[in-house]
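A short write-up of the structure that comes next.
Printed below as a string of C-alpha cells:
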C-alpha cells in the first residue's frame, strides 16, 4: 500500500510538472504560482462538492474552467513583464488563492479542511488505491501525450522561438502576445485539473496542503528533470516526489537515528537545496542530460 501511494503521488506530480514545463521549460515564462493553481482546482472541487454535492463530471470541467480564467488573467502581465518581475506577479496568484481558500474554510467553520467523498466512475466509487493508480496513470499519460502533440503544432514551435528570443520571434511574424497567453492558459488548465484529482485522491482540501514550498518543488522538478524536455518533467516529478522518503530512509540508517528523528524535516529541506544547487552547477541539463 505504501509503494502504491508513492506511485500515485508521482503520477499526480507528473501532470503538474508537465504543465509547468510547457510554460517555463518551453515558453520561457517564469511562474511561482503553481501551488496557487493546484489549490484553485482543489478548492473548486471541494466547494462545489460541499455546497451542491456536484459529481466529478461537473467538478473536473469546472476546475479546468477556473484554471483557464486564472491563466488568462495572470498571463496578462507576461505581455509587459519578464524575469523576476513576472515571477513576482505570478506569486500574487498564490497568495490570492490561499487567502480565498482560508476565508472559505473560516467562514464555513472547516478547521480541518473540506472533506470530499470518493468520485464514482460507472457507478463504482474510487476507494481502492489500485483503481486510483489506473485513473492517475491515464491522466499522467494523457498530459504527456497532450504536451508532445502541442509541441509539434505551430503554437509549440512559437513557444520555443519565444524562449530563444522573443524579439526575433516577433520579427519572424510570430504573435508573441497570443503565444504567451496560450502558454499560461494551457498550463493553468492542466494544473487545475491536477488539483482536482489531488482533492479527490486525498479526500479533503486544506489551504495548508498548498504552501509556497509546493511551488518551489515544482520548479525543482523542471530544473532537476531538465529544462525544455517532457521526459525531464517526468523524471523530475519522480525524483522530487521520492526524494524526501529517500532522505528519511537514509537518516533512519544513521547511527543515533532516534536523536535525529525530530530533525528529519530540516535535513530534508537542506538536502533538497543542496541537490538543486548541485544540478544547477554541475548538470544544467538535469536528469535528461545524465540520461
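Numbering (my numbering), first residue to last: 1385 to 1675. Yeah, the Cβ is synthetic: ideal placement off N, Cα and C, and Gly gets one too. Small disclaimer: the values here were computed from a predicted structure and weren't measured.
Remark: C-beta atoms of residue 1398 and residue 1524 approach each other more closely than 8 Å. In this structure, DSSP gives residue 1414 a state outside helix and strand, which the three-state scheme calls coil. Under the three-state reduction of DSSP output, residue 1505 falls in the strand class. Contact annotation: the segment 1577-1584 does not touch the segment 1551-1569, with fewer than three C-beta pairs closer than 8 Å. Between the segment 1389-1398 and the segment 1443-1450, the count of Cβ pairs shorter than 8 Å is below three; the stretches do not touch. DSSP lists 1499 as the bridge partner or partners of residue 1588. Here the alpha carbons of residue 1452 and residue 1649 stand approximately 35 Å from one another. Its Cα nearest to that of residue 1458, the residue 1568 stands out among 1419, 1568, 1616, 1466. Where residue 1669 is concerned, there is no enclosing alpha helix (DSSP H), because DSSP gives it neither an H nor an E. Residue 1628 sits in a helix when the DSSP states are folded into three classes.
A contact is defined here as three or more CB-CB pairs under 8 Å, and the segment 1501-1518 fails this definition with respect to the segment 1602-1616. When DSSP states are grouped into helix, strand and coil, residue 1556 belongs to the coil group.
Of all alpha-carbon atoms in 1400, 1420, 1621, the one lying nearest the alpha-carbon of residue 1595 is that of 1420. With contacts defined as CB atoms closer than 8 Å, residue 1622 and residue 1670 fail to qualify as a contacting pair. With contact defined as three or more Cβ pairs closer than 8 Å, the segment 1460-1475 and the segment 1424-1443 are not in contact. For residue 1616, the CB contacts under 6 Å within the same chain, skipping 5 residues up- and downstream, are 1609, 1610, 1670, 1672 in chain order. Selection 1652, 1487, 1620 evaluated against residue 1629 yields 1652 as nearest (Cα-Cα). Residue 1538: member of the alpha helix (DSSP H) spanning 1538-1548, first to last residue. Using a Cβ distance threshold of 8 Å, residue 1577 and residue 1405 do not count as a contacting pair. Here residue 1422 has 1400, 1575, 1576, 1578, 1579, 1582, 1594, 1598 as same chain residues with Cβ atoms under 8 Å from its own Cβ, once five neighbours each way along the sequence are excluded.
A residue is called buried when at least 16 other Cβ atoms come within 10 angstroms of its Cβ; residue 1545 meets this threshold and is buried. Contact check for residue 1417 against residue 1486 fails: the beta carbons are separated by 8 Å or more.
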